[in-house]
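Quick note: the sequence shown, position 81, residue 113 per the working numbering, numbers continuous. Here a beta-carbon is modelled for each residue, glycine too, at the ideal position from N, C-alpha and C. Take a look at the structure set out below.
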Amino acid sequence: MKPLTLLNYARDQWVQGAGNLVELPSAVTGEVVASTGSSGLDFKAMLDHARNVGGPALRKLTFHERAWMLKTLANAIMARKEELYELSYETGATRTDGWIDIEGGAGTLFSFSSKGRRELPNSRVLIDGQMEQLSRGGTFVGQHVYTPLQGVAVHINAFNFPVWGMLEKLGPTLLAGVPAIVKPASATAWLAEAAFRIMIEADVLPQGALQFIAGSTGDLLDHLTLQDVVSFTGSAATAMKLQSHPVIARESVRFIAERDSLNASVLGPDAGPGTPEFDLFVKEVVREMTVKAGQKCTAIRRAMAPAEHLDAVQQAIADRLAKVKIGNPREEGVTMGALASQDQRDSVRAAVAELSRSARIVAGDPDRSPVNGGAFLEPILLRSDDPWGSPAIHDVEPFGPVSTIMPYKDLDDAVALANRGMGSLALSLFTFDTRVAEDFVLGAGAYHGRMMILDRTSAKESTGHGSPLPVLVHGGPGRAGGGEEMGGIRGVTHYMQRTALQGAPEMLSKVVKQWLPGADKPTGNTHPFRLRISELDIGYTLKTASRTVTLEDVEHFAHFTGDTFYAHMDEEAAKASPIFEGRVAHGYLILSFAAGLFVEPAPGPVLANTGLENLRFQTPLYPGDSMRVELTVKSKSVRDEERGEVRWAVAIFNQKDEVVATYDLLTMNRP
Ligand code: NDP
33 MKPLTLLNYA RDQWVQGAGN LVELPSAVTG EVVASTGSSG LDFKAMLDHA RNVGGPALRK
93 LTFHERAWML KTLANAIMAR KEELYELSYE TGATRTDGWI DIEGGAGTLF SFSSKGRREL
153 PNSRVLIDGQ MEQLSRGGTF VGQHVYTPLQ GVAVHINAFN FPVWGMLEKL GPTLLAGVPA
213 IVKPASATAW LAEAAFRIMI EADVLPQGAL QFIAGSTGDL LDHLTLQDVV SFTGSAATAM
273 KLQSHPVIAR ESVRFIAERD SLNASVLGPD AGPGTPEFDL FVKEVVREMT VKAGQKCTAI
333 RRAMAPAEHL DAVQQAIADR LAKVKIGNPR EEGVTMGALA SQDQRDSVRA AVAELSRSAR
393 IVAGDPDRSP VNGGAFLEPI LLRSDDPWGS PAIHDVEPFG PVSTIMPYKD LDDAVALANR
453 GMGSLALSLF TFDTRVAEDF VLGAGAYHGR MMILDRTSAK ESTGHGSPLP VLVHGGPGRA
513 GGGEEMGGIR GVTHYMQRTA LQGAPEMLSK VVKQWLPGAD KPTGNTHPFR LRISELDIGY
573 TLKTASRTVT LEDVEHFAHF TGDTFYAHMD EEAAKASPIF EGRVAHGYLI LSFAAGLFVE
633 PAPGPVLANT GLENLRFQTP LYPGDSMRVE LTVKSKSVRD EERGEVRWAV AIFNQKDEVV
693 ATYDLLTMNR P
């Protein structure tokens, strides 16, 4: 393969770094794959470009428009994935490793795109939680909202997942409406550059939305401000250095860190040899040691088993490791490729040497090079019989195919050992005993960002110990960096500012584009079901006539549906309850009558009722009472040319104007 010259993408131009470029060797052959450098870039001008051009353009778009953009980017990556697989082999990755990185990366963008369209409004302000009533008269209320930060997201990525690592940060950032400058790790930057180029060539991003640094970040951090975010993945040492940068400290620049993690996997006390959970545990430990040659921030570094089962665990893991085929990842049948670089192999060997002072190697030889030329290393299994007397096994992270097995005495001991990692990204527990799981979650939850409890029922469909998922949070306390990424829409809010708005309901309603209780409820001559989404104003209200609910209605409904609960049928029993003064109308009868009062039956823009949310029955309705309904357009969202969603605030009142019930009604409508 002809060596590539990696380019920077600065201020919407591809530019080569000035001066001498750094040569990047293939992990497999050691030959130069690419050269890279960022000298000569004007980093301050890049930040200004993002702030002045990219940010305003992104903030003009709604969440849905940005979500569609993510889908286009993901499709572009998928359409050209084979180009990326070719480059991925040179990082030492097998096809399976590459799949996690490349298709996993595109999948993450797809996931954020779909969540963005389903869970975020088709507008630009995100509402957080319910309105808070702040005054007795209801004219002064509070509402939390999120708006996009007006700075730049600086993404500093790790070498192990050049594509996924870039996209899992870009998904939430772009969805939030914030431009990004991406700095990949040098060791595998040719793959990150290729994926980045595909996104630029997809031609869907506004100018200034994305920039790329193929080298060091120069003086970039010196020019950060309070509106910027640094999202970092890498070593604890670099994280600490960056976090204590004077500008980051002085300006309170948001800093998200994913760093070292001594993740644990625990075989439950109930899961001895012969149980499905024992086999699953062994399989998972070996998988985590060998996928991506163990270079995963979430990989299992510490495997714990009841003392009486440790020999069996050791034997089973060693047997499985013996079947691992190490080699050039392009070759058929190879199950484990190379480490990312010779430097990385050196640092793993150094870590193993340190660990082997207090634990013994029971499988693999760190000094052997199973394949000549590249950065290959055998999987190494260590064993410590005195886990409390061997601090290194909980402190030293060999970022390669290395794991240490250790015994525990009882469940409390296992919990304490797991927590001895001082904060981790992922923990897995293999048990079929729900009490073991409950105790473990309570004892260890505070120390781990994600916990997977695996048993025979979930194993087949499980995504595994080591897979961060776009819909779940990725991050962990303490040593793991204290950061949190993804987690669905939670990850988007990391790039936004939460603000508590206060004011009159009508004022805030107009700002947040959602009707809030207490805001105006204008009425008109046209039934709202006759209006398309584009013609419906937020707040527009239908006030229905009232109807009386009779005892015959209640009895008819009871026998018709089979709901003959005593509170509807037995006057004495109902009276004896602490809630009712006598027989009451069914809640579902009230809802049905409400629909009967507000529905406009002829075919029209309303296509279907898709659900109810936040239903509360507040005042009982007794036979002889009457009810009326107010149906208010709360918010609306166009999904595509054919469909959209309208959320209606429904309030049901009795003849004394007391609120009987409130809920949100969801309908699918024509736009
Ligand atoms: P580093 O911390 O050296 O590098 C991580 C990133 O930071 C790279 O992009 C690197 O760029 C960049 N970087 C390094 N120094 C600076 C600086 N002064 N200013 C700005 N950017 C800088 O980590 P490694 O590459 O050594 O990665 C290995 C370690 O990272 C592993 O041992 C593991 O502990 C951790 N890791 C954690 C992960 C997680 O998700 N928690 C994932 C992967 C790794 P460059 O490559 O150009 O030096």
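Selected residue, minimal CA-CA separation from residue i, among the options
i    : options                : result
S390 : V428, I570, V314       : V428
I132 : Q327, V468, D689, T489 : Q327
T593 : S566, S624, A608, I611 : S624
A354 : R319, G535, P361       : R319
V665 : F630, V184, P635, K688 : F630
A108 : D418, H426, F142, I437 : F142
E364 : T128, L312, Y479, L73  : T128
S120 : F191, L105, P88, E603  : F191
G453 : I188, V186, L698, L294 : L294
A59  : S658, A125, M78, K103  : A125
L181 : G300, D418, E690, V157 : V157
A219 : V210, T123, S297, S284 : T123
V503 : G520, V581, A296       : G520
F431 : R415, S422, L409, V473 : L409
D442 : V345, L299, N557       : L299
Q650 : G636, I611, S379       : I611
L548 : D160, S276, V85        : D160
A478 : S490, N451, D487       : N451
G656 : T582, P35, L698, K688  : T582
Inter-residue Cα distance where the pair is residue i and residue j
i    : j    : result
K147 : L199 : 15 Å
V505 : M231 : 25 Å
G475 : A448 : 8 Å
V195 : G513 : 21 Å
E309 : E151 : 36 Å
A99  : A303 : 44 Å
Y41  : E567 : 44 Å
L90  : R43  : 15 Å
G481 : G498 : 12 Å
K273 : V262 : 13 Å
F193 : G137 : 9 Å
A106 : P361 : 25 Å
E63  : T270 : 28 Å
L639 : I570 : 19 Å
E164 : G676 : 28 Å
L116 : P57  : 17 Å
L653 : E690 : 10 Å
L39  : D254 : 23 Å
L459 : I565 : 47 Å
For residue i, the three-state DSSP class (helix, strand or coil)
i    : result
Q275 : helix
P537 : helix
H618 : coil
M368 : strand
N451 : helix
L237 : coil
V317 : helix
E114 : helix
S669 : strand
T525 : helix
A217 : coil
N84  : helix
K542 : helix
M33  : coil
Q347 : helix
R579 : strand
D696 : strand
S422 : coil
Residue span of the alpha helix (DSSP H) that contains residue i, given as start and end
i    : result
V128 : Strictly speaking, residue 128 in this sequence is Thr, with Val absent from that position. It spans 127-130 - the alpha helix (DSSP H) in which T128 sits, taken as one unbroken run.
D704 : The structure shown has nothing for residue 704, since the chain only spans 33 to 703.
V380 : 374-387
7 Å Cβ cutoff, residue i in contact with chain D
i    : result
V544 : No chain D is part of this structure, which consists of one protein chain only.
Limits of the beta strand (DSSP E) - the one that residue i falls within
i    : result
F589 : Counting along the chain, F589 falls outside any beta strand (DSSP E), though it belongs to the alpha helix (DSSP H) covering 583-593.
A395 : 392-395
T466 : That residue, T466, is in no beta strand (DSSP E); its alpha helix (DSSP H) goes 466-476.
G643 : 638-649
A683 : 676-686
P57  : 54-57
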